[in-house]
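Just so we're aligned, residue 14 is where the sequence shown starts under this note's numbering, counting upward by one.
Even for Gly, the Cβ is constructed at its ideal location relative to N, Cα and C.
Note that the structure is predicted; figures quoted are calculated from it, not measured.
First the structure, in the form of structure tokens, and then the observations on it.
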Amino acid sequence: MNKLVEFLYEDLPHLFDDQGINRVAYDDYVKFRDPITKHDSIDGYLFNISMLKQLFRPNFQLHWAKQTGPYEITTRWTMVMKFVLLPWKPELVFTGTSVMGVNPETNKFNSHVDYWDSIQNNDYFSLEGLLEVIKQVRKYDPFIVVETEGDNLAGNRGFNDVAGYIFGKNATTEKIPMTTPVFTQAFDAENSKVSIQIVLPSDKSLSSLPAPSKEGISLRKTEGGIAAAIKFSGKPTDDVVREKEKQLRSSLIRDGLKPRSGCMLARYNDPGRTWKFIMRKLKRFWVLFALYLKTLRVSYRPFRGRKMTEAKETSTPLMPPSSNKLPDYNKSVKLKYVKLGYHYLITHGMYLLLTPLVAVVAAHMSTITPQDLSELWDNLQYNLISVISCSTLIVIVLTVYVVTRPRPVYLVDFNCYKPSEAFKCTMQTFMDQSKLTGAFSEENLDFQRRILQRSGLGDNTYFPEALLNIPPNPSLKEARKEAETVMFGAIDGLLAKTNMKTKDIGILIVNCSLFNPTPSLSAMIINHYKLRGNIASYNLGGMGCSAGVVSIDLAKKLLQVHPGTYALVVSTENITLNWYLGNDRSKLVSNCLFRMGGAAILLSNKWTERRRSKYQLLHAVRTNKGADDKCFASVTQEEDANGKLGVSLSKELMAVAGDALKTNITTLGPLVLPISEQLLFFATLVGKKLFKMQLKPYIPDFKLAFEHFCIHAGGRAVLDEIEKNLHLTERHLEPSRMTLYRFGNTSSSSLWYELAYTEAKRRVKRGDRVWQIGFGSGFKCNSAVWKALRTIKPVKEVNPWMDEIDKFPVDVPRVANF
């Protein structure tokens, strides 16, 4: 054992240099492990070391090695790694121990387990978890603040006063440039004495700044110093702030650092990632939390007589230097910025490779003389057969390409039906009408009220006339009337917007899941608009809320075989005959969510329509999980014990929807994601399968593939889960949430109300990509990807949102009161 200890003293210092470690002391079946990786062999361990050498240039310092058990040796070490991929090369410092087991038969190491001081539980955790233990210790320069008394560390009292000072409410009415972030500082351990501060620009001095004109406002120069800081996002409530202070203080003490009493909080809304709606509602922050250090003394266990040095004690708290941009602490290691740079590098990598090649070719072409061109012509004349053969082959290849390539599918325009005020249904109206039917027990009326309060719907949704009558009178006649009102209203608006003649429509597709009368809904449209006799007509039923994308995909396929034509797609749902009048709670949820609405969409494959069309269909990806019994039974129309017909939603619906979405995006990802995201996914897969690394499944960043998201507004819970699992922001979900609030769940047509909202908000620019996601019974998850062919100018549009778009977005309460 003593020889092995001596071996480690000699061998481990070469861990990351060119000499490397000596494999002779390791058993053939040695196992290695640390908190983020697990290797089955020494080859995997050496590969990991090689990767660290390339990325971080580590510096390994062995403090001591000694026997700690009959067949066990423990080492203590410090490892400093520089992130060489970033220009400022920040350092990561890890301290810990390695416990190495010895095989008594071979006297060689048969296990090697690393433990990090910075985490308490050294079981496996993800790379994302690694970020939770990273903090930064930095030194900052002096700066000047304007401050006043605050209420608490996470509060806002006093902000308007200090902001007023820099906006001109001072002795000379001078306006001073605004800096970020805003600070709240606690001066004692209980966080009872708090000030709120704004840092003033670094080119200002106390003598040059105007005096405050309001009592309680003061200027103060804060000396620089050494601080430890962590960065996190979200709303900094008191509980969150205290928990972050506890984590940072504990981490510092474990590392042998001595934090002073008190702390500070720096808050910043990134204008590039946070929008007015979120800023106004105080939903999201980037937050830095700092503790000031008395000394920078690092206390490790003694080793071989060496002593650690002490830095000079600082007597003043630390604040970041003032400027009109993010201060230095924003330069800590943030892997998302590395990932963003990696994405840019891969995306533009082809240009980087082609640029020098083009330069070389251009330089060579510039040396060609007229005599060279003459000789080239003579050579071509002598090789006439070769030239003709090559030319013929090129013509054939181009012809085959033109003939076989898919015809483009253009979305000329679309129109969403907006019912009149006579159809408006408030939540209280819904409850009153439900009570008038006499079909529901008091308990289930209260159940429906609770569903409505938490549904995300507002008071301006629409119900068909039959269900608003007193008493309600649902019937087949009234259902036909509702269908005609919605479909003809949507189509009339579309024809007016496009100036289309009905005789030019060659394909008609109508989807309505729960109402399929005879004659069909498509026949009703053909009869009403006197469409031509050879029209290709389709009526889709029973396909749920995803039927809208199914219709688009069907239209796409039909437009491949019908050249030079138009396809009219109508998406709607019928409420009149599908209002459940029973007491089975699994069927009552649909009553509360579904509302009246529909949309008409005009598609074409004519190249002459590209100029005026809004979008081009890039992809339609359909996922059907109907072979699985649980998925098939998750949404079903059936009778209850009393023979009342309704739509049941199973408890497994959310899990089924998540599984279908996962399958769908796995198919869609390679079609739309940039190569950088695909390589990261592949690297994660290799790390898990080949090197046994304990990594979470990599979720691609679909924000790099799409600018706009139209996710079926089926309910608040579905939208919350998709936002969480796809790492989307409030702005991405805003069209879906506002559609649910304003129009309710309009089934398959909700995707078009969401796209109309995005257009009304002036967000659609030429080249933008839109992702529509629909979920439906069966179970199905379908996606459509569109590319904007022009910038949409909503002032020229007929849009259901335009007369009220300035009122949105609104703050939707988690529980509505009515």
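Closest residue to residue i among the options (Cα-Cα distance)
i, options, result
"residue 95", "72, 126, 451, 507", "72"
"residue 239", "213, 169, 258, 152", "152"
"residue 602", "529, 457, 657", "457"
"residue 652", "736, 641, 280, 593", "593"
"residue 55", "63, 45, 64", "45"
"residue 441", "462, 15, 567", "462"
"residue 84", "109, 59, 117, 111", "117"
"residue 725", "577, 709, 560, 708", "560"
"residue 539", "553, 554, 523", "523"
"residue 5", "120, 570, 70", "Residue 5 lies beyond the stretch modelled for the chain, which goes from 14 to 831, so this question has no answer here."
"residue 489", "469, 529, 452", "529"
"residue 65", "707, 29, 229", "29"
"residue 715", "728, 194, 745", "745"
"residue 690", "709, 713, 668, 684", "713"
"residue 154", "237, 596, 113, 557", "237"
"residue 740", "755, 728, 727, 711", "711"
"residue 816", "501, 826, 755", "755"
"residue 251", "169, 491, 57", "169"
Beta bridge counterpart(s) of residue i as assigned by DSSP
i, result
"residue 584", "524, 612"
"residue 723", "785"
"residue 153", "238"
"residue 199", "207, 276"
"residue 2", "There is no way to answer for residue 2, as the model of the chain reaches only from 14 to 831."
Residue i, enclosing beta strand (DSSP E) - first and last residue
i, result
"residue 658", "658-662"
"residue 217", "Residue 217 -> no beta strand (DSSP E), and no H or E assigned at all."
"residue 44", "39-46"
"residue 793", "793-801"
"residue 127", "121-129"
"residue 551", "549-553"
"residue 89", "85-95"
"residue 838", "Residue 838 cannot be examined here, being either before or after the span of the chain that is shown, 14 to 831."
"residue 635", "628-637"
"residue 466", "Per DSSP, residue 466 belongs to no beta strand (DSSP E); it is in the alpha helix (DSSP H), 455-466."
"residue 76", "72-82"
"residue 114", "104-116"
Cut-off 6 Å between Cβ atoms - residues of its own chain near residue i, not counting five sequence neighbours on either side
i, result
"residue 317", "Confidence is the limiting factor: at residue 317 the pLDDT is only 31, short of 50, which leaves the residue's position unreliable and the question unanswerable from this model."
"residue 477", "495, 588, 589, 609"
"residue 185", "223"
"residue 47", "127"
"residue 613", "428, 503, 504, 507, 583"
"residue 818", "773"
Range covered by the alpha helix (DSSP H) that runs through residue i
i, result
"residue 426", "From DSSP, residue 426 is part of no alpha helix (DSSP H) but of the beta strand (DSSP E) over 423-429."
"residue 510", "489-511"
"residue 177", "172-179"
"residue 36", "Element bounds for residue 36: n/a, residue is neither H nor E."
"residue 69", "55-69"
"residue 534", "534-542"
"residue 702", "688-702"
"residue 227", "From DSSP, residue 227 is part of no alpha helix (DSSP H); its letter is neither H nor E."
Sequence-distant residues of its chain with Cβ nearer than 8 Å to residue i (five each side left out)
i, result
"residue 485", "446, 449, 450, 479, 592"
"residue 516", "544, 545"
"residue 822", "290, 747, 750, 751"
"residue 672", "638, 644"
7 Å Cβ shell around residue i - same chain, five flanking residues per side excluded
i, result
"residue 527", "586, 587, 591, 650"
"residue 637", "791, 793"
"residue 775", "807"
"residue 338", "Here the model assigns residue 338 a pLDDT of 35, short of 50, so the residue's position is not dependable, and the following value carries that caveat. Answer for residue 338: no residue qualifies."
"residue 810", "772"
"residue 349", "Because residue 349 carries a pLDDT of 46, less than 50, the predicted location of this residue cannot be relied on, and the following value inherits that uncertainty. Excluding sequence neighbours, residue 349 sits near nothing in its chain."
Using a Cβ distance threshold of 8 Å, determine whether the stretch 752-766 contacts the stretch 584-597, with at least three qualifying pairs required. Contact between the stretch 752-766 and the stretch 584-597 is established, with three or more Cβ pairs separated by less than 8 Å.
The stretch 779-794 contacting the stretch 636-648, beta-carbon criterion three pairs below 8 Å: yes
Three Cβ pairs or more, each shorter than 8 Å: is that satisfied between the stretch 183-196 and the stretch 206-225? yes
Report yes or no: do three or more beta-carbon pairs, one from the stretch 773-782 and one from the stretch 801-815, lie closer than 8 Å? yes
Per the contact definition of three or more C-beta pairs closer than 8 Å, is the stretch 732-741 in contact with the stretch 525-541? no
Please confirm if the stretch 695-708 is in contact with the stretch 672-681, defined as three or more CB-CB distances below 8 Å between the two stretches. no
Using 8 Å as the threshold, is the stretch 169-179 in touch with the stretch 219-228, meaning 3 or more CB pairs across them? yes
Pairing CB atoms from the stretch 682-701 with CB atoms from the stretch 421-439, are three or more of them under 8 Å? No, they do not touch.
With three or more C-beta pairs closer than 8 Å as the rule, is the stretch 565-581 touching the stretch 410-430? yes
Could you say if the stretch 651-666 and the stretch 614-626 meet the contact criterion of at least three C-beta pairs nearer than 8 Å? no
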